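Note that our numbering has the sequence shown beginning at 2, numbered continuously upward.
Presented below is the structure to which this report refers.
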Amino acid sequence: MSILTRRTLLQGIGGAAGAAAMTPLLGGGAQAAGKIYQWGSSSLGSTGYQIITVLSAAASKFSDDRHASLSTAGGAENMALIGEGILDFGQSTTTDWYPAINGLGRYEGNPVDAVQMFSYTVWQCTPMVRADSGIETLEDLAGKRVMPAAAGGATTGLWNTLFEAAGIKDKVEWTYGSWSESYDALASGAVDCIPSLLTAGNPAGVMQRLETTHELKILPISQELIDKAAEMNPGVKSAMVSPDTWASLKEPTRMVSFGGVLAASPNISEEVGYNVTKAVYENAEFVRQRGGVKLKDINPEFAMEFLMPAYPVNAGAAKYFKEQGVWRDDLKIHG
Numbered sequence: 002m003s004i005l006t007r008r009t010l011l012q013g014i015g016g017a018a019g020a021a022a023m024t025p026l027l028g029g030g031a032q033a034a035g036k037i038y039q040w041g042s043s044s045l046g047s048t049g050y051q052i053i054t055v056l057s058a059a060a061s062k063f064s065d066d067r068h069a070s071l072s073t074a075g076g077a078e079n080m081a082l083i084g085e086g087i088l089d090f091g092q093s094t095t096t097d098w099y100p101a102i103n104g105l106g107r108y109e110g111n112p113v114d115a116v117q118m119f120s121y122t123v124w125q126c127t128p129m130v131r132a133d134s135g136i137e138t139l140e141d142l143a144g145k146r147v148m149p150a151a152a153g154g155a156t157t158g159l160w161n162t163l164f165e166a167a168g169i170k171d172k173v174e175w176t177y178g179s180w181s182e183s184y185d186a187l188a189s190g191a192v193d194c195i196p197s198l199l200t201a202g203n204p205a206g207v208m209q210r211l212e213t214t215h216e217l218k219i220l221p222i223s224q225e226l227i228d229k230a231a232e233m234n235p236g237v238k239s240a241m242v243s244p245d246t247w248a249s250l251k252e253p254t255r256m257v258s259f260g261g262v263l264a265a266s267p268n269i270s271e272e273v274g275y276n277v278t279k280a281v282y283e284n285a286e287f288v289r290q291r292g293g294v295k296l297k298d299i300n301p302e303f304a305m306e307f308l309m310p311a312y313p314v315n316a317g318a319a320k321y322f323k324e325q326g327v328w329r330d331d332l333k334i335h336g
């Protein structure tokens, strides 16, 4: 669905009932009338989609505000939709912010004004191939078919930076699709390389299903290359993933990563920002139960983990974290 189609859809919903029907609110005390705050997630069935569905549901259930989520192409598109005033909140990753705020790449001429709320997970989306492919390094991908999921997704932005740092961005054949399409394409041999999809080191269901029929191999990524990519985009992160969380690994393995950060429109008031943050963290057990491993790190300390000093934080979210004694003094408050 294009941005224009989404804009038309949102504007055409009109009544509260139509918008509320776009995501299950899981019951609770939301008001019967008034503004519905729209959250952008990711492609249907993806971890980002599931995460935002749970977080927006918690915000509705445990506050007097009303919230609903919409499937999108992912973090990069969510930032654009926030910039256009279509979304109030959106799933994003640490790599989405630098190009969006600075009007680079797809945002050229249209820099985005957004604020941070809190971080909620970390993903490892490292280049991955079939073990029988004969591909051993990133350099071996030259001339090969690479599919980093959706064109508007955060993984595509991450890979653009990583592949540019490795000097092979213009040497591969890029193609795009949903996560399920990407994994089906690798299984059938239609593409040569796709991203791993691990949340806090734990493989997503789509990845586990592929492993039942194919042996997979992570391409080695050096810390030097990750550092070079991080100079280009500070949101690029490194993480060691252990066989304790992904049994297919033979040893702890370095993977390129990015943190999940809830982005918000700068028009979100301090009151609403506080309400959303309190609803999620005062009911962390509700969120963890429904989000599973994807939201196992919902706690005030982790909420600060991936917030970036370069970009402001909603005043209401900052107020809540100050009350909890976890606020970082290197962060700045919006407004």
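All residues carry an ideal CB built from backbone N, CA and C; glycine is no exception.
On a predicted model such as this, the values are computed, not experimentally measured, just so you know.
- Separation of K251 and S64 (C-alpha to C-alpha, rounded to the nearest whole angstrom) is 46 angstroms.
- The count of Cβ pairs closer than 8 angstroms, one atom from the stretch 163–182 and one from the stretch 80–93, stays below three, leaving the stretches out of contact.
- Excluding its 5 nearest sequence neighbours in each direction, G178 has C-beta neighbours in its own chain below 8 angstroms: M148, A150, A151 and A186, listed in chain order.
- In the structure shown, the three-state DSSP call for K145 is coil.
- Ranking G326, A319 and D331 by CA distance to the CA of F119 puts A319 first.
- A straight line joining the alpha-carbon of G168 with that of K229 spans about 11 angstroms.
- In the DSSP assignment, V55 falls within the alpha helix (DSSP H) that extends over T48 to K62.
- Annotation for K229: no beta strand (DSSP E) segment contains it, though the alpha helix (DSSP H) segment containing it runs Q224 to M233.
- Inter-residue distance for R329 and R107 is about 31 angstroms (C-alpha atoms, whole angstroms).
- In the structure shown, K297 adopts coil according to DSSP, grouped into three states.
- Nearest to L163 by alpha-carbon distance, out of M256, G326, Y50 and G104, is M256.
- Between the stretch 59–73 and the stretch 233–240 there are fewer than three inter-stretch CB-CB distances shorter than 8 angstroms, so the stretches are not counted as touching.
- Sequence-distant partners of I136 (beyond 5 residues in either direction) whose C-beta falls short of 6 angstroms from its own C-beta, in its chain, are V130.
- E174 has its alpha-carbon roughly 10 angstroms from the corresponding atom of C194.
- Restricting attention to N203, E232, G190 and P221, the CA atom closest to the CA of T214 is found in G190.
- In chain order, G236, K238, F259, G260, V262, F307 and M309 place their CB closer than 7 angstroms to the CB of T95, counting only its own chain and leaving out the 5 sequence neighbours on each side.
- Inclusion of L71 and W98 in the CB contact set at 8 angstroms is not warranted, their separation being larger than that value.
- Beyond the five residues adjoining it in sequence on each side, L332 comes within less than 7 angstroms, by CB distance, of L308, P310 and V314 in the same chain, given in chain order.
- Shown here for T157: same chain residues with a beta carbon closer than 6 angstroms to its own, the five before and five after excluded, namely P149 in chain order.
- For V242, the three-state secondary structure derived from DSSP is strand.
- Contact between the stretch 42–56 and the stretch 266–276 is absent, with fewer than three C-beta pairs closer than 8 angstroms.
- For Q290, the number of other beta carbons within 10 angstroms of its own is below 16, and it is reported as exposed.
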